Structures are given as C-alpha cells and as structure tokens.
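K.L.:
Sequential numbering of the first sequence, starting at 8, is according to the numbering used here. A virtual CB, placed ideally from N, CA and C, is assigned to each residue, including glycine. All values derive from a computational prediction rather than experimental measurement.
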Amino acid sequence: MMTNIIEALRQESVAKLFTGKVFFRSFETWKGEINSITPNKTSRQVIDLGDHLSEIFRTTRTAGRGQGDVSGGGAAWESIVCWYLNLCSIGRRSVAIKHSRALIPDPICDAITVNYRNFVSNTESDLIVIVFPDKPEYQIDKELIHVNDANGRPVPLFSQGRNPKYNLKAVLNALCHRDFSEIEIHIIQCKTNWNDNAQIPMLWDMIYSATNFRNNVTIGRNGYSIANIAQFSYSFVTVPTSRITSITPNSTCVKRVSNISGGNYWGRPTQNNVASSIKEMLLRNLSRGHGQNFLTTLQTELQRLNTEYTFFGLS
DNA sequence: TCAGAGAGACCTCTATGTCT
DNA sequence: AGACATAGAGGTCTCTCTGA
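1. Is Ser-86 buried or exposed, if buried means 16 or more other CB atoms sit within 10 Å of its CB?
2. At which residue ranges does the stretch 165–252 contain complete alpha helix (DSSP H) runs of 4 or more residues, listed in the order of the chain?
3. Thinking Lys-176 and Pro-112 are a contact (beta carbons under 8 Å), I'd like their distance in whole angstroms, please.
4. For Val-264, collect the residues of the same chain with a Cβ closer than 7 Å to its Cβ; drop the 5 residues on either side in sequence, then sort them by chain order.
5. I need the straight-line Cα distance from Ile-63 to His-184, nearest angstrom please.
6. Can you tell me the Cα-Cα spacing of Trp-37 and Gly-27, whole angstroms?
7. Could you spell out where the alpha helix (DSSP H) holding Leu-44 opens and where it closes?
8. Using 10 angstroms around the beta-carbon of His-153, count the other beta-carbons present and answer buried if the total reaches 16, otherwise exposed.
9. So what does DSSP say about Leu-56, is it helix, strand or coil?
10. Any idea which residues DSSP pairs Pro-161 with across the strands?
11. Alpha carbon to alpha carbon, how far is Arg-108 from Arg-275? Give it in angstroms, no decimals.
12. Whose C-alpha, out of Asn-174, Ser-166, Tyr-123 and Asn-235, is nearest the C-alpha of Phe-187?
13. Got a sec, what are the start and stop residues for the beta strand (DSSP E) Phe-126 sits in?
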C-alpha cells in the first residue's frame, strides 16, 4: 500500500504512544468513552472530542497522590492530546509527536534547543507538531522519494542488512534540512494541573519569543533557528485537575498563560477569557497543513479508520 | 541485540504565607 | 476571616546511552 512520509511518521508517532504502559492500560477504558461520544465517527463528532478530552481522561483518575499517579498521569495526558491531534490531522501535512529523539528530525530538534551559555537545555517533554510544506515529496509514496542529505549525498531509503528497514528519520532529516524555511513548528506544553504549573509555559514562551538576551541565552544550534522557519508557536494544554469553579478570568494561573503565542487550551468546551477547547488549536495554529478545512479532510479519511488507520486503536 | 543504569520529567495535597 | 498563591514532600515511568 502506498504511504506518504507524513502518514508514515504519524503512524510511528501514534504507535509509540501505545508502548507506554499507563497509556496502553488507560486507553482500554478511554476507548469505550470515545466510541460512545463519537458513535458515527463523523468529522464533526471526532473534532468535538476535544470538548470531552478532560472528561475522558478523568475516567481513569485514581484518588490519592501516589508517585505512580504523578508519573503516569502526566505522560498519559500528553499522550491523549497527541493521539487526538493526530487523529484530527489525518490526511493533512501536520503530525504531532510526543518528544522522542527517534522521531523528531534533527533540524527541528536543533532549532528549538535553548542554550544557556554552554549548557544545552532542550525542553525534553513537550509535544511538538510539525507542519510540512506543500511539496511533492510529502505526497508521493515514501519509497519513491529522492533527496540529498545536508552534505549533498543521496539518502538511501533502506538500511543495509538482512532485514532492511525504511530510513524514516534519515529521509526526514534531509527533507527538513532542504525545506527548513517552509516548515512550521508548534510546541505544546501539557500539564494536568493548571494553577501549580502556569509559570512554566509562561516562562518558556517568553524565552522563545525573545529575540535576544543580554546573558548568553540563545535559541537554536547547528545553523537551525526558529527565527528562520515559516511559523512558530508555543501553547499550553491542561486538563485541569484543580477545582474548575476556582478558575476565573482573573485568576493568576489564567493571566499567566493568557498571552502565550499559541494560546491556552483545555479538554473542555471553550470558556471565554479563560481557556479554549483544544479543538480550536486545530484552526488557530494548524490550519495551514492543507488547502481544505479539517471537517473536509477528516470526512474523507475517517472512512478508512478501520482499514488504513487501525493504529489509532479504535477498531 | 539486549539488559541495565542514569537522567529527566511527571502531579497532588497540605501547610503556610499574604493580601483584601 | 476568607480567598488565593506558593513551597515542599515524595516514588515511578520512559527514554537514551553504554557495555557485554
């Protein structure tokens, strides 16, 4: 079957989520919830899942504050957001990736690296959405791509040896290098709790939006910088697990993220001046990944949910 | 190729401080 | 007094790298 490189990357990215123990276990429960919210799997129903993500997430919530909950909860929230963004993006040129060296092309990784004098500090645990440019290599069968690497040498599509594997990362590295200025990067900071953690996205957004510092803080390395790409944004997505009634437009935690470049979101319906539903991020930050809107692209692709897209785990 | 070690990131709840 | 903000405590999970 023909697969373009973007869908190949999406498949790897989503499949990797299921290798996480907590996500794998939780998804057994979430799947039922998801299917009951989207009985007909229309594009509208699937996109509106964004209004219910927190609700779904909370079905596996356990009381208490054991360290397992700490560790697992955060990773699981990040994973379900990644899963949702990829589901809504099928057939488009955007892919959400939970941070992983193996999947994020090197030029992207380099561009978002923050250097604190000599110390290299990657924000290691965010979701990254890459929007690839509208060029033929991203649409044709991935096995027909001809591209040269940064040194001008053709990239071999398969590894050597008895069981040749497709060189996904190497091909992506070469493409991202070649098309760097036309790529969009959107970083998404996920937190289950809002009020305790609002400073973190606020401060990282400040760092990424600053053009220069006086004290040896720089962004980017190896010649790649977010200053040279087509679009960059930083956003915040929370459940939130704290009491919802205590969050108002005037709360400190709301104000802290009210100005970040990509916006602030939660897995609930939009509430004015507080947070937008995560589904609004699709339109606000990721709409350039296709000529048509999400409703249209999804409607076509969802027909193949049980054949080509089984890796989402819904069938 | 795989196991093991190390690094880094994960969140909830209570107590205490601070402002109105 | 009440509302809100913050610090602090604490074990586990996942990824990556290294050496066998």
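P.N.:
So, from the data block:
1. Position 79 of the first sequence holds residue 86. By the 10 Å Cβ count, Ser-86 comes out buried.
2. List check, alpha helix (DSSP H) in window: 175–185 and 206–216.
3. For the purposes of this step, residue 176 is taken as residue 169 along the first sequence, with counting starting at 1. For the purposes of this step, residue 112 is taken as residue 105 along the first sequence, with counting starting at 1. Sure, about 7 Å apart at Cβ, within 8 Å.
4. Your numbering for residue 264 matches position 257 in the first sequence. Result list for Val-264: Ala-205, Pro-208, Met-209, Phe-243 and Asn-271, in chain order.
5. Indexing the first sequence from 1 puts residue 63 at position 56. Indexing the first sequence from 1 puts residue 184 at position 177. One C-alpha to the other measures close to 39 Å.
6. Position 30 of the first sequence, counting from 1, holds the residue named residue 37. Position 20 of the first sequence, counting from 1, holds the residue named residue 27. So the two alpha carbons sit approximately 15 Å from each other.
7. Counting from one through the first sequence, the residue named residue 44 turns up at place 37. The amino acid at residue 44 is misidentified as Leu; the sequence shows Ile. Note, Ile-44: alpha helix (DSSP H), 28–44.
8. Locating residue 153 in the first sequence gives position 146, counting from the first residue. Result: exposed.
9. Mapped onto the first sequence, residue 56 falls at position 49. Reduced to three states, the DSSP call for Leu-56 is helix.
10. Here residue 161 is taken as the residue at index 154 of the first sequence, counted from 1. Asn-155.
11. Position 268 of the first sequence holds residue 275. Position 101 of the first sequence holds residue 108. Linking Arg-275 to Arg-108 through their CA atoms gives a straight-line distance of about 31 Å.
12. To locate residue 187, count along the first sequence from 1; it is residue 180. The shortest C-alpha separation from Phe-187 is found at Asn-235.
13. Along the first sequence, one-based indexing puts residue 126 at 119. Where Phe-126 is concerned, the enclosing beta strand (DSSP E) stretches over 126–128.
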